[in-house]
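Colleague:
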Amino acid sequence: PYQVITADGTRPPWVPGSFDRVLVDVPCSGLGALRRRPESRWRRRPEDLEGFAPLQRGLLREALGAVRIGGIVGYATCSPHLAETRIVVEDVLGGRGGPAVAAEWVDARPLMPGVPALGDGPDVQLWPHLHGTDAMYLALLRRTA
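The sequence shown maps to residues 13 to 157 in the working numbering.
1. From the DSSP secondary-structure annotation, give me the bridge partner or partners of Leu35.
2. Which value, in whole angstroms, describes the spacing of the CA atoms of Arg121 and Pro25?
3. Whole angstroms are fine: how far does the CA of Gly110 sit from the CA of Gly82?
4. Hey, Asp146 and Cys90: beta-carbon distance below 8 Å or not?
5. If we call anything under 8 Å between Cβ atoms a contact, is Leu150 one with Val136?
6. To the nearest angstrom, report how far apart Arg80 and Leu71 are at their CA atoms.
7. In this structure, does DSSP put Gln137 in helix, strand or coil?
8. Quick check on the DSSP output: the alpha helix (DSSP H) that includes Arg98 runs from which residue to which?
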């Protein structure tokens, strides 16, 4: 059985290490949804990305703290921009913009059998022109300490 809990991830009400799995779907620029909302391109500026990254890193750090050692965090965003995807994950793992978190990449590609062109991994980037979806990103991380 599983339980879905929604809360403000910047002020988590739970005890660290309480969960086996956490999905953190971070606020983002929404650039991955341009095919459905093309007008949104006129509402974004390059500097908008700078505002999202600190929040995204903070939410990912909190999510990794929420899982037990060996637990898995899924980091998801509807952006194709590296500043909101892989760079955020690498920053958290490398201790940039805050304390490093003891975690390792888990290959997400096997969770999507039959889906072509997922990239070199271990994270996954879906593309509108290849997958018929928004430009969605997924990284899986296992807490190691």
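Where a beta carbon is used, it is the ideal one built from N, C-alpha and C, also for glycine. None of the values given here were measured: they were computed from a predicted structure.
Modeller: Inspection of the coordinates gives the following:
1. Gly86
2. 32 Å
3. 22 Å
4. yes
5. yes
6. 16 Å
7. strand
8. Arg98 to Gly106
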